[in-house]
Amino acid sequence: MKRVALRFALAACASFLAACSMTRVGYNYADTLARYMASNYLDLDAVQSEDLKLRLVRLHQWHRVNELPAYAELLRSASQRAAKGITAEDVAWGLSNTRARYRSFAAKAAEDAAPVLATLGAAQLAALEHKFAENNEKYAKKFLSLDDEKRRRAQTQRMLERFSDFAGDLSSEQEARIERFALAHERHVALRFEDRQRWQRDAVALLRQQRQPQELGRSLAEMFNKPELRRAEEFIREDKHWDEDLGQLIVDLDRSLSSKQRAQVVRRLSDYAEDFSVLAGRKGQPA
242 MKRVALRFAL AACASFLAAC SMTRVGYNYA DTLARYMASN YLDLDAVQSE
292 DLKLRLVRLH QWHRVNELPA YAELLRSASQ RAAKGITAED VAWGLSNTRA
342 RYRSFAAKAA EDAAPVLATL GAAQLAALEH KFAENNEKYA KKFLSLDDEK
392 RRRAQTQRML ERFSDFAGDL SSEQEARIER FALAHERHVA LRFEDRQRWQ
442 RDAVALLRQQ RQPQELGRSL AEMFNKPELR RAEEFIREDK HWDEDLGQLI
492 VDLDRSLSSK QRAQVVRRLS DYAEDFSVLA GRKGQPA
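Quick note on numbering: the sequence shown equals residues 242 to 528 in our numbering.
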């Protein structure tokens, strides 16, 4: 279901969200991965690194106890809905719940990391900006190329991969339907990229201005919980249109699923639900 666009929450957030698609073994090392990602974005000194390490261990445990059961229940319900046939209301439900879980976790991660983030110096923030710019350049080169054919191929391929990951091999008609959706929403991709860049600028500016951990944590949490407050009107409008069209796309594809494809979708969602239940220590219990 939809992108889980990984943004800032300072690498800690990103790694935990990525863990949602990891194996059970991978999830158990998510806090280690988070530290690796943080070191890739921030040039932390020994004291900051140790402080962040302890905070990530606690966040990982909190995530296991509080978030994984919710993920399991969400995916179990999604699997049941997919078995019956997906409606536009099901898609809206999925998007709403996924966003709510992401925002809740991102806000928690930001607040937990705030005492470390508040100690970042000018050189460290400059390094963070450089890393953002570097990643943005790579993204733009791949998905926002000035070459129309290259850009559209990359955007379409990404959508095809997301759907085939759940449904398996797609028919030519299914691929064509996905391609039409991707081509109709090129502007949304550009606007989302602009929104990401704006978010990054605002986050770095906040880190420079706010040196009190508690206030910084609250401000960062609000940026995750209420992103609409900082978004351009055009993006909000196009994002709503994207959601609506995505719902119709999924309904259309659902109607075209072969019995083999539907079984794979149901099994994939069910397997994820089982993984999260096991990781949360609730195997065999309702999540």
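All residues carry an ideal CB built from backbone N, CA and C; glycine is no exception.
I'd like the span of the alpha helix (DSSP H) that includes residue 491, first residue to last. Residues 474-497.
Of the listed residues 406, 484 and 424, nearest to residue 397 (C-alpha basis): Of 406, 484 and 424, the residue nearest in Cα terms is 424.
Sequence-distant residues of the same chain with beta carbon closer than 6 Å to residue 264, five excluded per side: Only weak support exists for where residue 264 lies, its pLDDT of 46 falling under 50; the coordinates are left without a value.
For residue 500 and residue 436, what's the separation of their Cα atoms in angstroms? If I take the Cα positions, the gap works out to 39 Å.
Span separating the alpha-carbon of residue 291 from that of residue 320: Whole-angstrom Cα-Cα distance: 41 Å.
Which whole-angstrom value is the C-beta distance of residue 514 and residue 296, which I expect to be below 8 Å? In this structure residue 514 is not in contact with residue 296, their Cβ atoms being roughly 29 Å apart against a cut-off of 8 Å.
Residue 432 versus residue 407 - alpha carbon distance: Their Cα atoms are separated by approximately 27 Å.
Residue 467 by DSSP, collapsed to three states: which one? Coil, per DSSP.
Considering just the uninterrupted stretch of the alpha helix (DSSP H) at residue 301, what are its terminal residues? Run containing residue 301: 287-303, per the alpha helix (DSSP H) assignment.
Can you look up residue 339 in the DSSP assignment and give me helix, strand or coil? Under the three-state reduction of DSSP, residue 339 is assigned to helix.
Considering residue 414, what are the terminal residues of the alpha helix (DSSP H) in which it resides? Looking at the DSSP string, the run of the alpha helix (DSSP H) that includes residue 414 is 413-425.
Could you give the DSSP three-state label for residue 410: helix, strand or coil? Residue state, collapsed to three classes: coil.
Limits of the unbroken alpha helix (DSSP H) element including residue 318: Its alpha helix (DSSP H) spans residues 309-325.
Simplified DSSP assignment, three categories, for residue 197: Nothing can be reported for residue 197: it is not among the residues displayed for the chain, which extend from 242 to 528.
Looking only at its own chain, which residues have a Cβ that is under 7 Å from the Cβ of residue 373, when we skip the five neighbours before and after it? Within the same chain, residue 373 has close Cβ partners 441.
For residue 370, which option in 506, 444, 485 and 338 has the closest C-alpha, if you only look at C-alpha atoms? The option with the nearest alpha carbon to residue 370 is 444.
Please state if the CB of residue 426 and the CB of residue 486 are separated by a distance shorter than 8 Å. Yes; because the gap between Cβ atoms is below 8 Å, this pair is in contact.
Give me the residue from 351, 419, 322 and 416 with the minimum Cα distance to residue 300. Among 351, 419, 322 and 416, the Cα nearest to that of residue 300 belongs to 351.
In chain order, what residues of the same chain lie with their CB nearer than 6 Å to the CB of residue 286, ignoring the 5 residues before and after it? For residue 286, where only same-chain residues beyond five positions count, there are no Cβ hits under 6 Å.
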